[in-house]
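Visitor:
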Amino acid sequence: MPDTTAPPPPTLTLSRPRPGVAQVTMSRPAVFNAFDEQMIAELDAAFAQLAEDEGVRVIVLAGEGRHFSAGADLQWMQRASLASLEWNLADARRFAGMLARIEACPKPTVARVQGAALGGGVGLACACDLAIAADNASFAVSEARFGILPSVIGPYVTNAVGKRHARRLALTTTRIGAAEALAIGLVQQVVALDALDAAVDRAVDELLACGPGAQREIKQLFAQLEVGPITPEVRELTAQTIARVRGTDEAREGFAAFLGKRPPNWMPQ
1 MPDTTAPPPP TLTLSRPRPG VAQVTMSRPA VFNAFDEQMI AELDAAFAQL AEDEGVRVIV
61 LAGEGRHFSA GADLQWMQRA SLASLEWNLA DARRFAGMLA RIEACPKPTV ARVQGAALGG
121 GVGLACACDL AIAADNASFA VSEARFGILP SVIGPYVTNA VGKRHARRLA LTTTRIGAAE
181 ALAIGLVQQV VALDALDAAV DRAVDELLAC GPGAQREIKQ LFAQLEVGPI TPEVRELTAQ
241 TIARVRGTDE AREGFAAFLG KRPPNWMPQ
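For what it's worth, the UniProt record's numbering labels the leading residue of the sequence shown as 1, then goes sequentially.
(1) Within 10 angstroms of the Cβ of W266, are there 16 or more other Cβ atoms? Answer buried if so, exposed if not.
(2) How many angstroms separate the CA atom of A256 from the CA atom of M39?
(3) Determine the extent of the alpha helix (DSSP H) in which S81 is found, giving its start and end residues.
(4) Are the Cβ atoms of H67 and N33 separated by less than 8 Å?
(5) Return the CA-CA distance between residue 290 and E217, expressed in angstroms with no decimal places.
(6) When DSSP labels each residue in this structure, what does M98 get in the three-state scheme?
(7) Taking Cβ to Cβ, would you say V157 is nearer than 8 Å to G121?
(8) Which residues does DSSP list as the beta-bridge partners of T109?
(9) Would you mind stating whether F139 and A181 have Cβ atoms separated by less than 8 Å?
(10) Count the other C-beta atoms from every protein chain shown that fall within 10 angstroms of the C-beta of Q269, then say buried if there are 16 or more, exposed otherwise.
(11) I'd like the span of the beta strand (DSSP E) that includes Q188, first residue to last.
Below you can see the structure in the form of structure tokens.
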């Protein structure tokens with residue numbers, strides 16, 4: 001008889017494809033990398049671990065197989081529809097916490113998107129700093145088709161594409177192709193499928209060339225900035241930030257390396 005007490009197999013694969021880079025690959029290709037409670041917990045734990053790993057400068061989020069992610073596992077959603085409000089609230093908070101963990105990661109994050117990104121899969125792409133898509137990618141904020149709404153992913157989609165585009169995607173559940181996703185800002189680059197890894201590598205090269213402390217400061221500062229009037233408080237925040245950062249060892253090294261025409265010491269060896 002099978003051992004029913006054995007833990008389920010992991011839903012992620014973690015790899016180090018090159019110095020300074022970690023790749024988190026969703027590994028449920030049989031269900032198009034749909035995520036459930038287990039994958040949410042594993043994604044949260046993986047990004048928490050990698051955020052603290054001094055050997056990691058950039059994190060790539062990928063999906064195994066033909067598709068990036070079909071979003072929420074429908075069996076998980078069916079269980080949720082039969083559960084109590086208390087269970088649903090705790091479950092939704094874990095999902096919200098995982099997306100926040102990715103978005104607030106102090107290290108640059110890159111979504112590598114091929115095939116379908118549906119529902120929560122769109123949310124994962126939007127939570128990353130960069131999203132690079134193959135030309136066969138398609139995107140749909142599909143929750144309303146199942147009588148629910150893209151609530152937890154809503155802020156990330158809105159931040160990526162703006163309120164009107166986000167509202168249209170959510171209300172109609174229309175599936176858009178990679179070209180339209182690029183046009184509305186859901187992704188920042190589209191390439192042929194066979195060029196996807198090379199495009200991700202080029203983006204990683206650019207990220208590794210920049211100071212890790214500066215990138216951490218960028219993410220912290222930009223998280224506090226809103227589109228709109230530049231108030232005295234915002235001006236003071238930006239002045240205080242650059243004044244502090246200009247005096248760091250990393251800034252001194254950056255200027256010395258540029259003037260000395262040599263790589264800075266943060267470049268992976």
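No residue lacks a Cβ here, since even glycine has one placed at the ideal position from N, Cα and C.
Guide: On the basis of the data shown:
(1) Numbered from its first residue, the sequence shown carries residue 266 at position 266. Flag for W266 reads buried.
(2) Working through the sequence shown from its first residue, we reach residue 256 at position 256. Working through the sequence shown from its first residue, we reach residue 39 at position 39. Each residue's Cα considered, the two are about 44 Å apart.
(3) Here residue 81 refers to the residue found at position 81 of the sequence shown. First-last of the alpha helix (DSSP H) with S81: L74 to L82.
(4) If you number the sequence shown from 1, residue 67 lands on position 67. If you number the sequence shown from 1, residue 33 lands on position 33. Contact: yes.
(5) The requested residue 290 does not occur in the structure, where the chain is confined to residues 1 to 269.
(6) Counting from one through the sequence shown, the residue named residue 98 turns up at place 98. Here M98 sits in helix by DSSP.
(7) Reading the sequence shown from its first residue, position 157 is the one you call residue 157. Reading the sequence shown from its first residue, position 121 is the one you call residue 121. 8 Å or more divides the Cβ of V157 from the Cβ of G121.
(8) For this step, residue 109 is matched to residue 109 along the sequence shown. I59.
(9) Within the sequence shown, the letter at position 139 stands for residue 139. Within the sequence shown, the letter at position 181 stands for residue 181. For F139 and A181, yes; Cβs fall inside 8 Å.
(10) Position 269 of the sequence shown, counted from the first residue, corresponds to residue 269. Under this definition Q269 is an exposed residue.
(11) For the purposes of this step, residue 188 is taken as residue 188 along the sequence shown, with counting starting at 1. It is not in any beta strand (DSSP E) - Q188 carries neither H nor E in the DSSP assignment.
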